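Novice:
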Amino acid sequence: MKVQVQDVKTIGNIVKQVRKAQGLDQTTAGAFANCGITFVSQFENGKPTVQLEKALAMLDALGIDVYLDIPPELNGIDEKGAVS
């Protein structure tokens, strides 16, 4: 399923739902992503200043893939962000 997100609260809510659907508590999910329970709680509650690297690790640990939809006129950008 694809979900368009506009803010951290939406992502956090999705993370919480996926975590619960997988039968994981915050401590266990955090351990899978090498994050503490405080981070997991803040992320799930939409704290806007969560660390992106940790957020991506949490998403990966839960099996949530993240893609960036690059506008067609910018199709010269490669995966590392360099313009070709």
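Heads up, the sequence shown is in the numbering used here, so the first residue is 5 and it goes up one at a time. The beta-carbon is built from N, C-alpha and C at its ideal position, and this holds for glycine as well. Remember, it's a predicted structure, so these values are computed and weren't measured experimentally.
(1) Do L66 and V22 have their C-beta atoms within less than 7 angstroms of each other?
(2) Evaluate V4 with the Cβ neighbour count: other Cβ atoms within 10 Å of its Cβ, from every protein chain shown; 16 or more gives buried, anything less gives exposed.
(3) Label A33 either buried or exposed according to how many other C-beta atoms from any shown protein chain fall within 10 Å of its C-beta, with 16 as the threshold for buried.
(4) Pick helix, strand or coil for I41, following the three-state DSSP scheme.
(5) Put I81 into one of helix, strand or coil per three-state DSSP.
Specialist: The short version:
(1) yes
(2) Residue 4 is absent from the model: the chain starts at 5 and stops at 88.
(3) buried
(4) If DSSP states are grouped into helix, strand and coil, I41 belongs with the helices.
(5) strand
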